[in-house]
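2 protein chains.
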Amino acid sequence: MSITPESHILCDLNEPLVDHTEGQLFLNDTFKIIMEEVLCKGTDIKHKVCEWKEPKELALLLDLELRATGEPQHRLLQRVQDVAKYSIKTSHPRFMNQQFGGVDYHALAGRFLTEALNTNLYTYEVAPVFVLMEAEVLRGLRQLVGWTEGDGLFCPGGSASNMYAMNIARYQHFPEVKSQGLCGLPRLNIFTSSDSHYSVKKGAAFLGIGTDNVIIVEVDEGGRMIPDDLDEKITLAKSQGAVPFFVSCTSGTTVRGAFDPLDLIADVCEKHKLWMHVDHYLIHKIKVYVKNIFLIFGISACPQDLLRKCHSANATYLFQQDKFYDLNLDVGDKSVQCSRKVDCLKLWLMWKAVGSIGFAERVDKAFNQARYLVEQMKKREGFHLLQEPEFVNVCFWFIPPSMRGKEGMADYQDRLAKVAPVIKERMMKQGTMMVGYQPLGNKVNFFRMVVFSPLLTQKDMDFFLDEIERLGKDL
Amino acid sequence: MSITPESHILCDLNEPLVDHTEGQLFLNDTFKIIMEEVLCKGTDIKHKVCEWKEPKELALLLDLELRATGEPQHRLLQRVQDVAKYSIKTSHPRFMNQQFGGVDYHALAGRFLTEALNTNLYTYEVAPVFVLMEAEVLRGLRQLVGWTEGDGLFCPGGSASNMYAMNIARYQHFPEVKSQGLCGLPRLNIFTSSDSHYSVKKGAAFLGIGTDNVIIVEVDEGGRMIPDDLDEKITLAKSQGAVPFFVSCTSGTTVRGAFDPLDLIADVCEKHKLWMHVDHYLIHKIKVYVKNIFLIFGISACPQDLLRKCHSANATYLFQQDKFYDLNLDVGDKSVQCSRKVDCLKLWLMWKAVGSIGFAERVDKAFNQARYLVEQMKKREGFHLLQEPEFVNVCFWFIPPSMRGKEGMADYQDRLAKVAPVIKERMMKQGTMMVGYQPLGNKVNFFRMVVFSPLLTQKDMDFFLDEIERLGKDL
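Protein sequence lines, in the order shown, are assigned to chains E and R. Taken in order, the first sequence gives residues 1 to 475; the numbers are from our numbering. Taken in order, the second sequence gives residues 1001 to 1475; the numbers are from our numbering.
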């Protein structure tokens, strides 16, 4: 694949290198494949959720290798078809594997338009529509939680949002950290529960705070942070010379969907003067918060001006001070990134399409659907809930017929631990559905069904239970 | 916009909340608007690059406010139309404002498909195609620079890539930093040139190293880092008790497009045992590197295993150890993010379409086009190059007729500084083209034309010069 000067095609400087007619034809054909394979078949229960292949076989089928010469259009369209075919259909009603799933056509339309417009959210001059739109979406989100002021950014994911929060809180406690770094500062401590997302630890490592300085607070039987334990651990940390500065609570934990008691934690934070962060960000009004978890992913909200003060670098090549418009519209210096993708359009268009009421409807439906699933489980033998769900995460063990009533057996837990992985392997190889499992603390592997997708119906819930029974009946 | 329980629509659990037929119709209509407004008109020189509106007027035109109730489809399509109309046409041949521009239809098709498939690049089970594809694209990129091994990730932009590099280098020097943080470690120093990208400083602040610990190395008259100055500053830093660990070079600086002398800098790094990082990553083979700058954006490459060791958190809910496939395919723990967008498909499809030879052709054409522009400038009065371009960044002052031959005047530099902002304002308000300007050190505002887009023709170059003359002739 070496590139030698001889292999170059002499180019005509009077012609563009891109053929618009041919290119647009290709895009049009790709769009048709997307419609057919991803959005029609990919959301149809008559078709599979996944077309499982072993990695080596899949690599051969896809012919991934990159070469010196290009390929004709029909070959490229076949590749588009193959990528669609062998990818997981996350929009399929029976994809219940993660905390995302389903499809919203307005959001998807917004994303296509975003990609086609291909700009960067750092200055008003290159992103006039999106600078204003992002501000409005953030305002709308603040309004949903009852905040009249604040600031925010769309970030590339929840982990980045958590890191932003830590960095801003650190800056507020120690503004000198921006220029001088952590060297010379006392040891900083972050507090979060044992059920919080692992990005808190990752973020602490990345920001130079260190994972050992993330102090794990205990949770109650429902997976909620225990405020008294938090209080004690903060006091202990101080007595050991550390400087606590940040408490990361979670509203809707990853596995169990638990809600930390924010009001009680707020009292502890107030007492010790710590920054209280909520992973998922929309605090104090759980009901309304819940209405947004389906949407909010990668958004940070924080007090005004702090983002800019904490992150600005004042690059003169981008944020020229002699521009002819209000420089506050050049939002790029609030971010730790330079180029930043436009993420607001999809949410804005969806919001315009369904309204806040439409969001509420989705949330209600998800709750009702989760409740239906739990009721059905209780009517069947073999489904054992980890706990009564507080949210739309339904965590449970499936006990195969051969193990029922034998809880006293010595190897019961060992055997139970192996059930979920085998059922998971079977469902993926048959392509009928996808759902996640995991262990948690001393609890062996259990399934976690997150009832998220607006596509789900009662029939899908019934199918889900039937399918687990079918796949696990001989274990 | 409050959401009360009474306002909820009672939902039928037997029906999905999404109407596929209506949704697909909307997506289809949106696609037509994208084709017409963004890709046909938006790349046609008979249409404007931008439709300038003052922020307040634009906000009114767009009716951004988010409300409780949704809107009908025809109204939403009008919104799609408006967003397209008032957004900057970055694919237009006369958008020369940033280091991106133009359109590649295969890449765009890849991005549409990526959005429709809507998955996450953390496990093989949810992204089988893309786990394998990302590895192949990274392998292909390493091959282009002559590396037979290594590791990498697609990151959400160049700033994030720089941060990854700093974090990994820090971890290699001090593995304990991951768990213990910087507290107790000596002061760390990073070295980069005065012309390097501001993300180096932003990254140092974010990682807890501090902007003061980014030591600025001087550049020569062409904007290239001076290795002797680097050597001296490393020695000085050590004598002051700091621990140098990281040198960030740049291959193609943001403003002048200068290339730091990598071989000489490598000698200095070798002598002091420092991590040498190249912003844009593909080192040692400038010619080949150059062939990729058009593509590589947000990619990090580093020695094998280090990414995983440095960033792993081993979350058991996602990276279960009892899966039925090779766990090395769950690449998510190499990243500081949890969810990570798929960025490899667009590059893979483009590479399949044009081959490495096609990339080379684009690079050659851009260089030839830049050379043509410089030649034409020299033939005209009033265009004064900042320096002979080393790359495709052509930096120049436009001297209006009234100022020509008056370099000796006391207020000459002050007057010259005001020329570019006025021309820029005029071109944006008329919508004829977009190009950036900035000051640099003691050099007052100059234009920076980056000859990047594969759409550019000689006619566009001629137009560019004519238009600058037209807009600035009365100044």
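All C-beta atoms, glycine included, are put in the ideal place defined by N, C-alpha and C.
Inset, instruction - Evaluate Phe1095 of chain R with the Cβ neighbour count: other Cβ atoms within 10 Å of its Cβ, from every protein chain shown; 16 or more gives buried, anything less gives exposed. - result: Under this definition Phe1095 of chain R is a buried residue.
Legend entry - Nearest to Met403 of chain E (by Cα), restricted to the options E:Val419, E:Pro389, E:Glu390: Among E:Val419, E:Pro389, E:Glu390, the Cα nearest to that of Met403 of chain E is on E:Val419.
Inset, instruction - Give, in chain order, every residue of the segment 1209-1226 of chain R whose Cβ lies closer than 7 Å to some Cβ of chain E. - result: Listed by position, the residues of the segment 1209-1226 of chain R near chain E (Cβ gap below 7 Å) are Ile1209, Gly1210, Thr1211, Asp1212, Asn1213.
Legend entry - Thr1457 of chain R in three-state terms, based on DSSP: Residue state, collapsed to three classes: coil.
Inset, instruction - Can you pull the chain E residues whose beta carbon is under 9 Å from the beta carbon of Ser1161 of chain R, in chain order? - result: Per Cβ cutoff of 9 Å: no residues; Ser1161 of chain R is ~10 Å from chain E at best.
Inset, instruction - In angstroms with no decimal places, state the Cα-to-Cα distance between Glu1036 of chain R and Asn442 of chain E. - result: Rounded to whole angstroms, Glu1036 of chain R to Asn442 of chain E spans 58 Å at the Cα level.
Legend entry - Coarse secondary structure for Phe206 of chain E, derived from DSSP in three states: Helix, per DSSP.
Legend entry - Three-state secondary structure assigned by DSSP to Ile168 of chain E: If DSSP states are grouped into helix, strand and coil, Ile168 of chain E belongs with the helices.
Legend entry - Rounded distance between the beta-carbons of Gln1387 of chain R and Val1451 of chain R, thought under 8 Å: That belief does not hold up - the Cβ atoms of Val1451 of chain R and Gln1387 of chain R are roughly 15 Å apart, past 8 Å.
Inset, instruction - Below 8 Å on the Cβ atoms is my guess for Gln1262 of chain R versus Val1278 of chain R; work out the distance and round it to an integer in Å. - result: Note on identity: in this sequence residue 1262 of chain R is Leu, with Gln being the wrong assignment. Contact between Leu1262 of chain R and Val1278 of chain R is confirmed by a C-beta separation of about 7 Å, below the 8 Å threshold.
Inset, instruction - Quick one: give me the first and last residue of the alpha helix (DSSP H) that His1311 of chain R is part of. - result: Start and end: 1306-1311.
Legend entry - Reduced DSSP secondary structure (H/G/I, E/B, other) of Tyr437 of chain E: Residue state, collapsed to three classes: strand.
Inset, instruction - Using only the heavy atoms of the ligand GDP, determine whether one of them is closer than 7 Å to the beta carbon of Gly1102 of chain R. - result: As presented, the structure is devoid of all ligands, the ligand GDP included, so that no description of it is given.
Legend entry - Which listed residue (R:Lys1473, R:Leu1185, R:Asp1044) has its alpha carbon closest to that of Leu1456 of chain R: Among R:Lys1473, R:Leu1185, R:Asp1044, the Cα nearest to that of Leu1456 of chain R belongs to R:Asp1044.
Legend entry - Same chain, Cβ closer than 8 Å to Gln99 of chain E, neighbours up to 5 away in sequence not counted: Correct list, in chain order: Thr254, Val450, Phe452.
Inset, instruction - Quick one: list the residues of chain R neighbouring Thr457 of chain E, beta-carbon separation under 9 Å, in chain order. - result: Going along chain R in sequence order, the residues near Thr457 of chain E (Cβ under 9 Å) are Asp1012, Leu1013, Asn1014, Glu1015, Pro1016.
Inset, instruction - With a 10 Å radius around its C-beta and 16 neighbouring C-beta atoms as the bar for buried, classify Met409 of chain E as buried or exposed. - result: With fewer than 16 other Cβ atoms within 10 Å, it is exposed.
Legend entry - Interface partners of Gly1152 of chain R on chain E, CB under 9 Å: Here the premise fails: no neighbours, minimum Cβ distance about 14 Å.
Legend entry - DSSP three-state assignment for Val1129 of chain R, whether helix, strand or coil: Looking at Val1129 of chain R - three-state DSSP - the assignment turns out to be helix.
Inset, instruction - Label Leu1060 of chain R either buried or exposed according to how many other C-beta atoms from any shown protein chain fall within 10 Å of its C-beta, with 16 as the threshold for buried. - result: Residue burial annotation: Leu1060 of chain R is exposed, with fewer than 16 other C-beta atoms found within 10 angstroms of its C-beta.
Inset, instruction - Output the boundary residues of the beta strand (DSSP E) element that contains Met1449 of chain R. - result: For Met1449 of chain R, the enclosing beta strand (DSSP E) has its first and last residue at 1443-1450.
Inset, instruction - Could you tell me whether the segment 99-113 of chain E touches the segment 1022-1029 of chain R, using the rule of 3 or more Cβ pairs below 8 Å? - result: A contact exists between the segment 99-113 of chain E and the segment 1022-1029 of chain R.
Legend entry - Contact with chain R by Leu327 of chain E, beta-carbon distance below 8 Å: With 8 Å as the cut-off, Leu327 of chain E does not count as an interface residue toward chain R.
Inset, instruction - Indicate whether at least one CB of chain E lies closer than 8 Å to the CB of Cys1395 of chain R. - result: Under the Cβ criterion of 8 Å, Cys1395 of chain R is not counted among the residues facing chain E.
Legend entry - Contact belief for Leu1062 of chain R with Val129 of chain E at Cβ below 8 Å, rounded distance in angstroms: With a Cβ gap of about 7 Å, Leu1062 of chain R and Val129 of chain E count as contacting.
Inset, instruction - For chain E, find out if any of its Cβ atoms is closer than 8 Å to the Cβ of Ile1003 of chain R; answer yes or no. - result: With a pLDDT of 34 at Ile1003 of chain R, under the threshold of 50, the modelled position of this residue cannot be trusted, and the question is left open.
Inset, instruction - Show which residues of chain E have a CB atom less than 7 Å away from the CB atom of Asp1104 of chain R. - result: Neighbours of Asp1104 of chain R on chain E, chain order: Val18.
Inset, instruction - Kindly identify the DSSP beta-bridge partner or partners of Asn1314 of chain R. - result: Asn1314 of chain R pairs with nothing; no bridge assigned.
Legend entry - Spatial distance of Thr1119 of chain R from His311 of chain E (CA atoms): Between Thr1119 of chain R and His311 of chain E, the C-alpha separation is close to 30 Å.
Legend entry - C-beta contact flag for Leu132 of chain E and Leu1117 of chain R at 8 Å: With respect to Leu1117 of chain R, Leu132 of chain E sits apart: the two C-beta atoms are not nearer than 8 Å.
Inset, instruction - Go ahead and label Glu134 of chain E buried or exposed: buried means 16 or more other beta carbons lie within 10 angstroms of its beta carbon, across all protein chains shown. - result: So Glu134 of chain E ends up on the buried side.
Inset, instruction - Pick helix, strand or coil for Asn1368 of chain R, following the three-state DSSP scheme. - result: The answer is helix: DSSP assigns Asn1368 of chain R an H, G or I state.
Inset, instruction - Measure from the C-beta of Ser1534 of chain R to each C-beta in chain E and report whether the shortest distance is under 8 Å. - result: Residue coverage of chain R in this structure runs from 1001 to 1475, which leaves residue 1534 of chain R outside it and unanswerable.
Inset, instruction - Pair every Cβ in the segment 425-438 of chain E with every Cβ in the segment 459-471 of chain E, then say whether three or more of these pairs are closer than 8 Å. - result: A contact exists between the segment 425-438 of chain E and the segment 459-471 of chain E.
Legend entry - Contacts around Leu416 of chain E, its chain only, beta-carbon distance under 8 Å, and the 5 residues preceding and following it disregarded: Sequence-distant Cβ neighbours of Leu416 of chain E in its own chain, meaning closer than 8 Å and more than five residues away, are Trp397, Ile399, Met403, Val444, Asn445.
Inset, instruction - Leaving aside the five residues before and after Gly1222 of chain R along the sequence, list all residues of the same chain whose C-beta is less than 8 Å from its C-beta, in chain order. - result: Sequence-distant Cβ neighbours of Gly1222 of chain R in its own chain, meaning closer than 8 Å and more than five residues away, are Arg1256, Ala1258, Gln1387, Glu1390.
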